[in-house]
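K.L.:
Using the numbering used here, you'd call the opening residue of the sequence shown number 748 and step up by one each time.
Glycine included, every Cβ here is placed at the ideal spot set by N, Cα and C.
The structure displayed is predicted, hence computed values, not measured ones.
Sharing a structure with you now.
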Amino acid sequence: MQNESITYITAKSKWYRINFKELWRYRDLVLLFVKRNITTSYKQTILGPLWIIINPLISTVVFTVIFGVIANTSPAGVPQFLFYMSGNLLWSFFSSCLGKGSGTFLGNARLFGKVYFPRLCTPVADMAYSFLNYAIQMIVFVILTIVYACITPFVQPNWVLALVPLMVLQTAVLGMGVGLIISSITTKYRDLNILVSFGVSLWMYITPVVYPVARIPDWLYPLFMLNPVAPIMESYRYAFLGTGSFEWFYWLISLGVTVLVALFGLVVFSKVEKNFIDTV
């Protein structure tokens, strides 16, 4: 007699329970979701995955012209293109994790209603897909940084580069955590979806994406740095370009906020997934 694997599906009695072992067993499904995202994103396109590189380059050129040449918001000496590209890449990664996470329930409602699998597979797959795009874009950015570092003394990569992987992970977890909270709320109140895009745009302008933190008045600086994305952005840019500063205190606060947001997002997600199919 062959050994058969049996899975028991039972009601969750705890107010919070996410089976990470079960999530790991469904890792192949996560990879399939990532492949699906890649296929659907670039289906019937002429350039296909090349848009992963073209998009940030075009948006960086726009930022350089509008905020660098016209508004002159970049710091003196630092190559404007690198300055805006660094902020653009990290912010795009964060907003992608947030945006895809916020559409978890509504975007996969039909699939969730037909077959059982750990619901957390979809936001994890979305985060992995966003990271894949970011990794490809980072290759271009790193090459440009090396070139500029060789030809100008104003680009000075430093030891904070060792913390960049943690900053990238923090950015992904923060974005997914906020996205899960939004997704859980919008299953019942769908009109809040209208505010998401507006809120993300507003969040970008209170984050040092297109301007340095040095432009912030001293009296506003402590409050400004409580924005959890601001210390990540400032530290990330300092690691590659040497511009700005690395504030341990505010970065650790941001790290703590990220953990709290992620845990709260998982709690709300776990609570809503039990009966969300009745409200979507």
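Can you tell me whether Ile737 is helix, strand or coil according to DSSP?
P.N.:
With the chain running from 748 to 1027 in the structure shown, residue 737 is simply not present.
K.L.:
Quick check: Met923 and Val871, are their CB atoms within less than 9 Å of each other?
P.N.:
Cβ atoms of Met923 and Val871: closer than 9 Å.
K.L.:
Exposed or buried, Ser948, counting other C-beta atoms within 10 Å across all chains shown (16 or more means buried)?
P.N.:
With fewer than 16 other Cβ atoms within 10 Å, it is exposed.
K.L.:
With a CB to CB cut of under 7 Å and the five nearest residues on each side skipped, what residues in its chain are close to Val1004?
P.N.:
Closer than 7 Å at the Cβ level, and outside the excluded window around Val1004, lie Pro975.
K.L.:
How many Å lie between Val1015 and Ile893 at the Cα?
P.N.:
Going by the C-alpha atoms only, they are around 43 Å apart.
K.L.:
Mind listing, in chain order, the continuous alpha helix (DSSP H) runs of no fewer than 4 residues lying wholly within the segment 794–871?
P.N.:
Complete alpha helix (DSSP H) runs here, min 4: 798–810, 827–849, 851–854, 856–861.
K.L.:
Phe852 to Ser930, Cα distance in whole Å?
P.N.:
Spanning the two alpha carbons is a distance of roughly 6 Å.
K.L.:
Could you tell me which uninterrupted alpha helix (DSSP H) segments, each at least 4 residues in length, are contained entirely in the segment 910–953, listed from first to last along the chain?
P.N.:
Runs of the alpha helix (DSSP H) inside the segment 910–953: 911–933, 940–952.
K.L.:
What are the boundary residues of the alpha helix (DSSP H) that Tyr983 is part of?
P.N.:
Per DSSP, Tyr983 belongs to the alpha helix (DSSP H) from 976–988.
K.L.:
Distance, Cα to Cα, Leu1007 vs Ile898?
P.N.:
Those two C-alpha atoms are separated by around 43 Å.
K.L.:
Closest to Met980 by CA distance: which of Ile953, Pro964, Asp965, Trp966 is it?
P.N.:
Checked all of Ile953, Pro964, Asp965, Trp966; the closest Cα to Met980 is Ile953.
K.L.:
Below 8 Å on the Cβ atoms is my guess for Val925 versus Leu867; work out the distance and round it to an integer in Å.
P.N.:
Rounded, the Cβ-Cβ distance is 15 Å, inconsistent with contact.
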